[in-house]
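Engineer: In the UniProt record's numbering, the protein residues as written are 1 to 972.
Got a structure for you, written out below as structure tokens; questions coming shortly.
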Amino acid sequence: MRSRASETLSFGSMPDLKPRKSSDRLTPASPTLYSPRSPSRGSSTSMRGSPTPGSPRPSVPESPKSQLVAGPGDSGALTRQIETLKSKLKVMERKRLNDREKILEMQEDNKKSIKLENIVKRLQLKLTPMHEEIQSLRGKVKELEAENIKLSDDYHKNDDAIEMAALDREMAEERSETLTLELETLKKKFEDLELECELLREENSLLSSEEKEGSSGGDAGIVLRLEKRNEQLEAALVKLREVYNSQEESLKETQVALEQEKVNSNTQIINYQQASKKLADAEAVVSDLRVQLDNALGAEDMIESLTEKNLELSEKCERLQRTIDELETLKELNDELEANTVYREKQLTTEIDNLESAKNEVTSKLKEYEDRNTYLESAILKFRDLVQTLNNEIDTLKTGKEETEVSNTLHDQTKAIDDLNLDIHSKSIVKTMDLELRKFESQQAVNHLGIVKCYLPDEYSSDEQSIEALLRTERISFQTDLMVSYFEDRISVENITLNAKICIVLFEIKTVVCVMAEAMRRSNPQQFQKYNSLFEKVDEVATNLRRHIEDLRKEDIREYEVLKDLNSILLGLQKTNETYPGKKTSAFLTNNIQAYAKLSLIVAKALSTTCDVDQLKTLEQEFSILSRTKVATKKLESQLQELNNQENITEFCQSDLDIIKDTEQRCVGVVNFLVSLSAKLDENKTNFGPCLIHLDRADGDDIIESIRDYVKKLDRVSQITLNEVQHIQAIPPPWKVHAAKVSELKEVEKKQREEIQALKDQEKKLTQALRSKDKTIEELNVKVGLLDARLSKAKDNDKEVTKLKKSLEHLTAQETSLQETINALKQKLTEQSTKLEKYQRELREPVKAPEGKIMIAADASVISLQKQVESLRKTVGYLSKTSTSNDLACLKPISYHRGKTRSLVQRYCRILFRDIRRAVSEFDLITIQQPKASQTLWKPPSKSKHPKVYRQIESIENICDQIHNIVSSCNV
1 MRSRASETLS FGSMPDLKPR KSSDRLTPAS PTLYSPRSPS RGSSTSMRGS
51 PTPGSPRPSV PESPKSQLVA GPGDSGALTR QIETLKSKLK VMERKRLNDR
101 EKILEMQEDN KKSIKLENIV KRLQLKLTPM HEEIQSLRGK VKELEAENIK
151 LSDDYHKNDD AIEMAALDRE MAEERSETLT LELETLKKKF EDLELECELL
201 REENSLLSSE EKEGSSGGDA GIVLRLEKRN EQLEAALVKL REVYNSQEES
251 LKETQVALEQ EKVNSNTQII NYQQASKKLA DAEAVVSDLR VQLDNALGAE
301 DMIESLTEKN LELSEKCERL QRTIDELETL KELNDELEAN TVYREKQLTT
351 EIDNLESAKN EVTSKLKEYE DRNTYLESAI LKFRDLVQTL NNEIDTLKTG
401 KEETEVSNTL HDQTKAIDDL NLDIHSKSIV KTMDLELRKF ESQQAVNHLG
451 IVKCYLPDEY SSDEQSIEAL LRTERISFQT DLMVSYFEDR ISVENITLNA
501 KICIVLFEIK TVVCVMAEAM RRSNPQQFQK YNSLFEKVDE VATNLRRHIE
551 DLRKEDIREY EVLKDLNSIL LGLQKTNETY PGKKTSAFLT NNIQAYAKLS
601 LIVAKALSTT CDVDQLKTLE QEFSILSRTK VATKKLESQL QELNNQENIT
651 EFCQSDLDII KDTEQRCVGV VNFLVSLSAK LDENKTNFGP CLIHLDRADG
701 DDIIESIRDY VKKLDRVSQI TLNEVQHIQA IPPPWKVHAA KVSELKEVEK
751 KQREEIQALK DQEKKLTQAL RSKDKTIEEL NVKVGLLDAR LSKAKDNDKE
801 VTKLKKSLEH LTAQETSLQE TINALKQKLT EQSTKLEKYQ RELREPVKAP
851 EGKIMIAADA SVISLQKQVE SLRKTVGYLS KTSTSNDLAC LKPISYHRGK
901 TRSLVQRYCR ILFRDIRRAV SEFDLITIQQ PKASQTLWKP PSKSKHPKVY
951 RQIESIENIC DQIHNIVSSC NV
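Following this line, the structure appears as structure tokens:
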């Protein structure tokens, strides 16, 4: 492009036109306007040019023949010499004009070469700081890349921190779930403790009501039992406090961890702000460099490279913006996590407050119940005092009055009072039975739930009927106790024998059922499953007993039918007991002894009160020894309970067990004896003689003495120690064994799940590592692509540098050729100058006078020639001056037309010259390149070159139109 510009300048250059105003100077014109001068036109114009205003115009004669006076021969020779000289002058003038043109071209070439050298120097001076700036920019780019790498590392770290925060959140949720489960378990434990407290209170109330004549030893046992219960309750409360403290500590630890995560996120945000500031500084530096590159001349390629770098930096900025957005999302997630933790803490505090409030309510209710129990106990004591007072008054009235009528009336009143007491007592018994049934059903439901919890849903079906059979046996024992209490109360009123027999049958049913229940509790899981068939039989017994209890509540009882039904039930249970054998424990034997002793006392009291015979009245006093058996058996029970452990069950030695069994049999014999006696009394109501004979013949005294002996033995047995007791290993119930197996299976399952979770965590870590490696590979591929692009740009720059070197070499070759041409022209000028001097010398030398007549004519011709030579010299000087000052080769020869159009043409020419001068002063060489495919940036019109080119083309077209108009007017 630069070589073409030099050619256009050398081709289109012309000498400066000197106008009338010295201030206006024309620059070289463009090649589109002016054509190269022809020598013919130049010679004609040089001969016909107008002189300058200061110099006088020389007069050139039109015909030299008019000035010659000599003869025809001499004049012809002179004219020939003059014509030859004129022709030589013309040739010389033409050569000189060509030489001048060549000199001007050489000068212009020299100027261009100087300009090019200056441009090269300027470019070198500008390129050195540009190279330095490029190196600095490369260093900054490397720094930015390093910062980008750091930011990417920080981004990965932030990703890891987010993942860790998510894992912490999941762990916190799991902890909260575990805490909720623990709270639920504690609630359930608390409810169980409440139920136990209620049961203990009921037992205390029952014991206080039943034990009117309790000994100090029994009270001590009850106190010890209550103390143990209180200790268990205190231990449960301590555990609850420990759990609450552990929960608070765990919540505090989670809060501290979340605060640390918040501090880390704040530090990351500060680092990000610093990186954004550095990016802003880098962008400012890039903008400054952009301005410097725009101001640089001929640095378009550098601008393109900088724009590409700017695009890269903008892409980096976009990436950093993305990282900013991601960090902002991370911050939002952190805020959400903090809010969730605060909300969870509030929920936990509210739950704890609710639990505490519930606990306070329960304690207040317990206090209210205790106050109510104390009030009821006081009311019962008052009622007892009233009953005793009434009985004392009745006794005093019986003994104080001797008259028969008064005694009869009193007897009728006492019967009416007894009837009323019976009605009231029956109603109270019915109500107590309802209450006891409900309490027992609730307790049994709790036991049922405790047993069912030990089983899984699939495994509960195999043992469901056996569990129901066990619960039915307990229900039957409870129902027998209720019926025994009812019939014992009826013994003292009516039909002693029948009610006593019903009580005996009920005792036997209870013994059979309790033996079966104990066998079921001490069986293994395989044996426990065999009791499924027992459920139907026991269920029938329970329904029958429930039906009888309903009849008792309605007071629609038939003793004979009840006795018959109970005997059939007893036979069926004995048959089933043969298939499912069991053993009687010492505790069960002691309970039986107490029950039979109580029944015998009740029967003896009833016989003594109903009959007027003296021997029967002393029965109650004689059988009062049985009350001592109750005391002895209670001592045995309390000692056995004290010696019992969780691992072992205490039992008496075989000899002691034999004594207890014998006492039980003796008590049964006493009851049978009294029942037979009452039956005979019922048969012989009018004649008591056979009954007395039977009483005398019977072994009543022997029985009483044997019972006394056994009571003494029981007292000795009650003073046992740990060495005299046999410890039997406690067999856990089958459902607990089954539950232990299920818990072991669950633990194994839990361990397997933990292992699976660990494997999943390892898999997640490996996938994360693979993803990070993939990201690094992608980044390396991007960097490799950038390096390839830079290498391609560097290769393009190298190619451009080689092109510039070639152009410089071409210019240097042109300079050498131009210097050679200049030297050759200088030699020609020297030769021509020597020739001119020769011609001048020849002209200055005087011509020799011819002989004869032609002397006068010769002198005249010489003078005329001298004048012509002088005029020619003047014209040559004038032409030389005008040729140096004005170049009118582009103009047509001046025609001496005289008319109206002359003034118009002159005016148009002046306007044209003015426009040409302005265009030449404003015109400039512009190189326009085709835009590259990658260069798609928009440039403002002030920085683009196309508008300038369009303006120059428009001005050239205007000048051409003016020239065309002037030519057309001149032709007209």
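Using N, Cα and C, we set each Cβ at its ideal position, and we do this for glycine too.
(1) Answer yes if the segment 73-87 comes into contact with the segment 777-796, meaning at least three C-beta pairs across the two stretches below 8 Å, and no otherwise.
(2) Rounded to whole angstroms, what's the CA-CA distance from residue 551 to residue 434? Just pull it up for me.
(3) Rounded C-beta distance between residue 183 and residue 351? I'm assuming under 8 Å.
(4) Just the C-alpha distance for residue 536 and residue 205, rounded to the nearest angstrom, thanks.
(5) Report, in whole angstroms, the separation of the C-beta atoms of residue 488 and residue 570, which I expect to be a contact under 8 Å.
(6) Given a cut-off of 7 Å, decide if residue 480 and residue 498 are closer than it, judged by their beta-carbon atoms.
(7) Tell me, to the nearest whole angstrom, how far the beta carbon of residue 548 is from that of residue 562; I am working on the premise that it is less than 8 Å.
(8) Classify residue 524 as helix, strand or coil using the three-state DSSP reduction.
(9) Roughly how far, in whole angstroms, is the beta-carbon of residue 485 from the beta-carbon of residue 514, given that I think they are within contact range, below 8 Å?
(10) Give the straight-line distance between the Cα atoms of residue 766 and residue 781, rounded to the nearest whole angstrom.
(11) How about residue 137 and residue 275: are their beta carbons less than 7 Å apart?
(12) With DSSP run on the structure shown, which of helix, strand or coil describes residue 556?
(13) Within the same chain, show all residues whose beta-carbon is closer than 6 Å to that of residue 962, passing over the 5 residues directly before and after it, in chain order.
(14) Quick one: grab the DSSP three-state call for residue 945.
(15) Which residues in the same chain have their Cβ closer than 8 Å to the Cβ of residue 201, if we skip the five residues on either side of it in sequence?
(16) Evaluate residue 769 with the Cβ neighbour count: other Cβ atoms within 10 Å of its Cβ, from every protein chain shown; 16 or more gives buried, anything less gives exposed.
(17) Can you tell which of 483, 112 and 823 has its C-alpha closest to the C-alpha of residue 544?
(18) Give me the Cα-Cα distance between residue 129 and residue 802, rounded to the nearest whole angstrom.
(19) Mind reading off the beta-carbon distance from residue 338 to residue 252? Whole number of angstroms is fine, and I expect it under 8 Å.
(20) Check this for me: beta carbons of residue 445 and residue 531, under 7 Å apart or not?
(21) Return the CA-CA distance between residue 751 and residue 367, expressed in angstroms with no decimal places.
(22) Which residue from 101, 772 and 245 puts its Cα closest to that of residue 349?
(23) Using only the alpha-carbon positions, how far apart do residue 359 and residue 340 sit?
(24) Could you tell me if residue 475 is buried or exposed, where buried requires 16 or more neighbouring beta carbons within 10 angstroms of its beta carbon?
(25) Just the C-alpha distance for residue 285 and residue 949, rounded to the nearest angstrom, thanks.
(26) Below 8 Å, how does it come out for the segment 148-165 and the segment 308-327: are there three or more Cβ pairs, yes or no?
(27) Check this for me: beta carbons of residue 241 and residue 430, under 7 Å apart or not?
(28) Applying the criterion that 16 or more other CB atoms from any shown protein chain within 10 Å of the CB defines a buried residue, is residue 272 buried or exposed?
(29) Count the other C-beta atoms from every protein chain shown that fall within 10 angstroms of the C-beta of residue 27, then say buried if there are 16 or more, exposed otherwise.
(30) Under 7 Å between the Cβ atoms of residue 438 and residue 542?
(31) Do residue 383 and residue 466 have their beta-carbon atoms positioned less than 7 Å apart in this structure?
(32) Output the distance between the C-alpha atoms of residue 804 and residue 110, rounded to the nearest integer angstrom.
(33) Considering only the beta carbon of each residue, do residue 92 and residue 822 sit closer than 7 Å?
(34) How long is the line joining the alpha carbons of residue 905 and residue 958, rounded to whole angstroms?
(35) Taking 8 Å as the limit between beta carbons, can you name the residues of its chain near residue 332, skipping five residues before and five after?
Structural biologist: Taking the structure as given:
(1) Taking 8 Å as the limit for Cβ pairs, the verdict is that the segment 73-87 does not touch the segment 777-796.
(2) Taking the sequence shown and counting its residues from 1, one reaches residue 551 at position 551. Taking the sequence shown and counting its residues from 1, one reaches residue 434 at position 434. If you take the alpha carbons of residue 551 and residue 434, they lie about 13 Å apart.
(3) As a position in the sequence shown, residue 183 is number 183, starting the count at 1. As a position in the sequence shown, residue 351 is number 351, starting the count at 1. Sure, about 7 Å apart at Cβ, within 8 Å.
(4) Stepping through the sequence shown from its first residue, residue 536 is reached at position 536. Stepping through the sequence shown from its first residue, residue 205 is reached at position 205. Rounded to the nearest angstrom, the two C-alpha atoms are 36 Å apart.
(5) As a position in the sequence shown, residue 488 is number 488, starting the count at 1. As a position in the sequence shown, residue 570 is number 570, starting the count at 1. Not quite, the Cβ-Cβ distance comes to about 18 Å (not below 8 Å), so this is no contact.
(6) Position 498 of the sequence shown, counting from 1, holds the residue named residue 498. Position 480 of the sequence shown, counting from 1, holds the residue named residue 480. Against a cut-off of 7 Å, the Cβ pair of residue 480 and residue 498 comes out as no contact.
(7) Counted from its first residue, the sequence shown places residue 548 at position 548. Counted from its first residue, the sequence shown places residue 562 at position 562. Yes, they are in contact, since the Cβ atoms of residue 548 and residue 562 sit about 6 Å apart, within 8 Å.
(8) Taking the sequence shown and counting its residues from 1, one reaches residue 524 at position 524. In this structure, residue 524 counts as coil in the three-state DSSP scheme.
(9) Looking up residue 485 in the sequence shown gives position 485. Looking up residue 514 in the sequence shown gives position 514. About 17 Å separates the two Cβ atoms, so there is no contact after all.
(10) Residue numbering aside, residue 766 sits at position 766 when the sequence shown is read from its first letter. Residue numbering aside, residue 781 sits at position 781 when the sequence shown is read from its first letter. Distance between the alpha carbons of residue 766 and residue 781: 23 Å.
(11) For the purposes of this step, residue 137 is taken as residue 137 along the sequence shown, with counting starting at 1. For the purposes of this step, residue 275 is taken as residue 275 along the sequence shown, with counting starting at 1. Their beta carbons are not under 7 Å apart, which means residue 137 does not touch residue 275 by this criterion.
(12) Mapped onto the sequence shown, residue 556 falls at position 556. Residue state, collapsed to three classes: coil.
(13) Mapped onto the sequence shown, residue 962 falls at position 962. Here the set comprises 912.
(14) Start at 1 with the first residue of the sequence shown, and residue 945 comes out as number 945. Here residue 945 sits in coil by DSSP.
(15) Residue mapping note: residue 201 aligns to position 201 of the sequence shown, counting from 1. Answer for residue 201: 369, 370 and 373, listed in chain order.
(16) As a working mapping, residue 769 is identified with position 769 in the sequence shown. Burial call: exposed.
(17) For this step, residue 544 is matched to residue 544 along the sequence shown. Of the candidates 483, 112 and 823, 483 places its Cα closest to the Cα of residue 544.
(18) For this step, residue 129 is matched to residue 129 along the sequence shown. For this step, residue 802 is matched to residue 802 along the sequence shown. In this structure, the alpha-carbon of residue 129 lies about 21 Å from that of residue 802.
(19) The residue given as residue 338 occupies position 338 in the sequence shown. The residue given as residue 252 occupies position 252 in the sequence shown. A Cβ-Cβ separation of about 15 Å leaves residue 338 out of contact with residue 252 under the 8 Å criterion.
(20) Numbered from 1 along the sequence shown, position 445 holds the residue referred to as residue 445. Numbered from 1 along the sequence shown, position 531 holds the residue referred to as residue 531. In this structure, residue 445 keeps its C-beta atom at 7 Å or more from the C-beta atom of residue 531.
(21) On the sequence shown, position 751 is the one that residue 751 refers to. On the sequence shown, position 367 is the one that residue 367 refers to. In this structure, the CA atom of residue 751 is about 46 Å from the CA atom of residue 367.
(22) In the sequence shown, the residue the question calls residue 349 occupies position 349. Considering only alpha carbons, the answer is 245.
(23) Here residue 359 refers to the residue found at position 359 when the sequence shown is read from its first residue. Here residue 340 refers to the residue found at position 340 when the sequence shown is read from its first residue. Taking C-alpha positions only, residue 359 is separated from residue 340 by approximately 28 Å.
(24) By 1-based counting over the sequence shown, the position of residue 475 is 475. When all chains shown are included, residue 475 counts as buried.
(25) Position 285 of the sequence shown, counted from the first residue, corresponds to residue 285. Position 949 of the sequence shown, counted from the first residue, corresponds to residue 949. Distance between the alpha carbons of residue 285 and residue 949 is about 34 Å.
(26) Here the segment 148-165 makes contact with the segment 308-327; the two share three or more CB pairs at distances below 8 Å.
(27) Working through the sequence shown from its first residue, we reach residue 241 at position 241. Working through the sequence shown from its first residue, we reach residue 430 at position 430. No, the pair does not count as a contact, with Cβ atoms beyond the cut-off.
(28) Indexing the sequence shown from 1 puts residue 272 at position 272. Label assigned to residue 272: buried.
(29) Taking the first residue of the sequence shown as 1, we reach residue 27 at position 27. Its pLDDT being 37, under 50, residue 27 is placed unreliably by the model, and the measurement read from it follows with that caveat. Classification of residue 27: exposed, given that the 10 Å Cβ count is below 16.
(30) Against the sequence shown, residue 438 aligns to sequence position 438. Against the sequence shown, residue 542 aligns to sequence position 542. No, they are not a contact pair.
(31) Residue numbering aside, residue 466 sits at position 466 when the sequence shown is read from its first letter. Residue numbering aside, residue 383 sits at position 383 when the sequence shown is read from its first letter. The answer is no: Cβ separation not under 7 Å.
(32) Walking along the sequence shown from the start, residue 804 turns up at place 804. Walking along the sequence shown from the start, residue 110 turns up at place 110. The straight-line gap from Cα to Cα measures roughly 20 Å.
(33) Here residue 92 is taken as the residue at index 92 of the sequence shown, counted from 1. Here residue 822 is taken as the residue at index 822 of the sequence shown, counted from 1. Inclusion of residue 92 and residue 822 in the CB contact set at 7 Å is not warranted, their separation being larger than that value.
(34) As a first step, residue 905 is located in the sequence shown; it is residue number 905 there, counting from the start. As a first step, residue 958 is located in the sequence shown; it is residue number 958 there, counting from the start. Approximately 17 Å, taken between the alpha carbons.
(35) Here residue 332 is taken as the residue at index 332 of the sequence shown, counted from 1. Excluding positions up to five away in sequence, the list is empty.
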